[in-house]
Structure formats: C-alpha cells, structure tokens
Amino acid sequence: MATFLAVWDFNVFIALNLAGAAAWYAWASRRVRQRDPRSRWPVANAACFYSGLALLAAAYLGPLAAWSHTLFWVHMTQHLLVMMAAAPLLVLGAPISLAFGASSDETRRALIVPILRSRAVRVLTNPVLTWVLFASVLVGTHFTGFYDWALTNHDAGMFIEQPLFLVTALLYYFPILGSNLQAHRPSPATRLISMSLMMIPEAIVGAVIYFASVVLYPSFGPDRPFGLDPLGDQQLAGALMWALVMIVDSAWMMVVAAEWFTSEERRSRRVDAMISAEAENQAEAEEHAQARAQEPSVG
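If you read the sequence shown in the UniProt record's numbering, its first letter stands for residue 1, the second for the next number, and so on.
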C-alpha cells in the first residue's frame, strides 16, 4: 500500500481547471449572499460540489492516475469515481442554479434563461437520449479498440477519454439529480426507472470483464505490479464494476426517492391546507346565513 500511495502523477492542466472551478463556486456563493443578504447558498450543495471536485482530483492527480496505465483495476476505479460518484456530486452541487442566483437580472434574461429553454439543451438533457448516450459510452469504450487506443495514446486519454466519461455522466445525471431550472424535468418515477435500467448495461460490462477467459486489454502489459497476473487484474476490475455500481446506483436512487417523498409530503400539506381553508370558508358562510335567517324581519 505504501508503494502504491508513494507514486503520484500530478497534472498541472487538470489541477488548474479544478482550482478554477472551486474558486468560481466560492465566488458565486458569496455573490448570492451579496445580492440578497437574507439568502445563503445551501451548505449541502456546496459540500456536494467540492466533494465532486475532490473525487476528480483523486482520480486524475494522485496514485490512481499514476497506476491507471499499469493496472486495469486502477483504471476501472478511476472511471467509476468519475462517472458514478464525482459527476452526480457535481450535479447535486447545483452549479447552474448557483450561476442563476449569482447573476444579474439582465444576465438571467439575456443569457441563462434562453440557454436553459433552448432546443439544444432540451435535446441534450432528454432522459432517453442521455440514457442511450451513457450506456453506449459505457459499453462501446470497453468492447471496442477505444480502450487500448486511449491507453497507448496519452493525448487521447487526456483530451478525449477523460472528458468523454465526465461529460457523458454529467449529461446523464443532470435530468436525474439536477435542479428545478430545467424546462421539462422528468418525474421521479421516470428518473428511478432510468437508473434501474442503467444497472443492466453496467452489470453486463462488469460480468463480461469478470468472466472473460482471455485478456481483453493487452495494452496494460503482461506483467502487473503487486503480484497480480493479467487475468487476476482483469477479474478484480470486473468485480469492481459489477458490484460497486450496484451500490452507488442504489444510493442515488435513494436520493431521488427521498426527494419524491418530500415533494409528495409538501403537496399533501398544501392540499390539506386548501381543504381546511375551504371548510373554514364554508363554515363562516353557513354562520352568516344562519345569522341573517335569525334577524327579525322589518315591517
């Protein structure tokens, strides 16, 4: 373990991008408070966003990045951190809502609202399209020559593979866990169905990798560190894919289910309040009617 943690791969380009995102989020959070002293950006959202950035840093700047070209299970862990954990946490950080809250009224009307209501955004965040895109990237990158190509080409791995996994995951989770600023947000039931169905391609990928009797990705080389043989390394990667995504997906489904329960509870309270108000109005009307009926007639 000490040997594993001692090897680092620090990428300045990625580090600067992560630092820039963190700085913008902190500035925008303060900007929300400045625009309305009574408002305060939720700590939970900020914690999610910074946690997502921290996971991206763990995936791309530390030992995982250093060993990802030598050990398949490390490469798989890297992808799982990005696609299944960091991306949904960034979405739960609600950066679009934060940008909306930190912007001036003119910027909202001229830029943010038109973009959010645009046809391009509606298409890119359509839950059916994002599901197909996510599943296609997941299956296609593992069962084509893409994986080996990205492993043997550093620029392809950095500027194509890494952004592909992150952007695809962000697009998928935005309609699932994203903010209410969406013009056509899917219902909680639709979102739960989407995540349930996503377990199918995830399980297939993990199972195929785990049960494969031949080495699927020879670019990792015949010799693996820490006493692992290529098939053992591959089986560990498949097991991680197969098991961890089920656990992580279940956690995000619980988030959606909790939101659904909370929204239904609020709706129930609103209905109860409306019924109570209507009953009070009716009772008052009946009292007034009885009072008028008891008044002595004139003449």
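Using N, Cα and C, we set each Cβ at its ideal position, and we do this for glycine too.
Using a Cβ-Cβ cut-off of 8 angstroms (strictly less than) and excluding sequence neighbours within five positions of residue i, which residues of its own chain qualify?
i: residue 304; result: Residue 304 lies beyond the residue range present for the chain, which begins at 1 and ends at 299; the question has no answer from this structure.
i: Ala203; result: Trp242, Val245 and Met246
i: Thr190; result: Pro127
i: Phe211; result: Gly238
i: Tyr217; result: Phe72, Tyr147, Asp148, Leu151 and Gln234
I need the boundaries of the alpha helix (DSSP H) containing residue i, first residue and last residue.
i: Asp148; result: Phe146 to Thr152
i: Asn17; result: Val12 to Arg35
i: Tyr210; result: Pro188 to Phe211
i: Ser97; result: Pro95 to Ala102
i: Gln113; result: Here residue 113 is Val; the residue named in the question, Gln, does not match the sequence. Its alpha helix (DSSP H) spans residues Val113 to Leu116.
i: His75; result: Phe72 to Leu80
i: Ala87; result: Ala87 to Leu92
i: Trp67; result: Pro63 to Trp67
Excluding the 5 residues flanking residue i on each side, which residues of the same chain have their C-beta closer than 7 angstroms to its C-beta?
i: Ser39; result: Val32 and Arg33
i: Phe261; result: none
i: Thr130; result: Leu171, Tyr172 and Pro175
i: Ala28; result: Leu98, Ala99 and Ala102
Looking only at its own chain, which residues have a Cβ that is under 6 angstroms from the Cβ of residue i, when we skip the five neighbours before and after it?
i: Leu5; result: Pro63
i: Trp67; result: Val74
By how many angstroms is the C-alpha of residue j removed from the C-alpha of residue i?
i: Val82; j: His69; result: 16 angstroms
i: Asn45; j: Gly140; result: 33 angstroms
i: Pro127; j: Tyr172; result: 7 angstroms
i: Ala57; j: Val12; result: 11 angstroms
i: Asn153; j: Gly20; result: 27 angstroms
i: Leu177; j: Trp24; result: 21 angstroms
i: Ala258; j: Ser187; result: 13 angstroms
i: Trp149; j: Val7; result: 24 angstroms
i: Ser196; j: Ser250; result: 9 angstroms
i: Leu55; j: Leu89; result: 9 angstroms
i: residue 329; j: Phe100; result: For the chain, the structure presents residues 1 to 299; residue 329 sits outside this window and is missing.
i: Arg30; j: Leu18; result: 19 angstroms
i: Ser51; j: Val132; result: 27 angstroms
i: Ala59; j: Ile160; result: 16 angstroms
i: Trp252; j: Leu92; result: 10 angstroms
i: Ile209; j: Ser219; result: 15 angstroms
On the three-state DSSP scale, how would you describe residue i?
i: Phe165; result: helix
i: Leu124; result: helix
i: Gly140; result: helix
i: Pro42; result: coil
i: His184; result: coil
i: Gly52; result: helix
Hey, is the region 158–167 in contact with the region 226–246, meaning 3+ C-beta pairs nearer than 8 angstroms? Fewer than three pairs of CB atoms, one per stretch, sit closer than 8 angstroms, so the region 158–167 makes no contact with the region 226–246.
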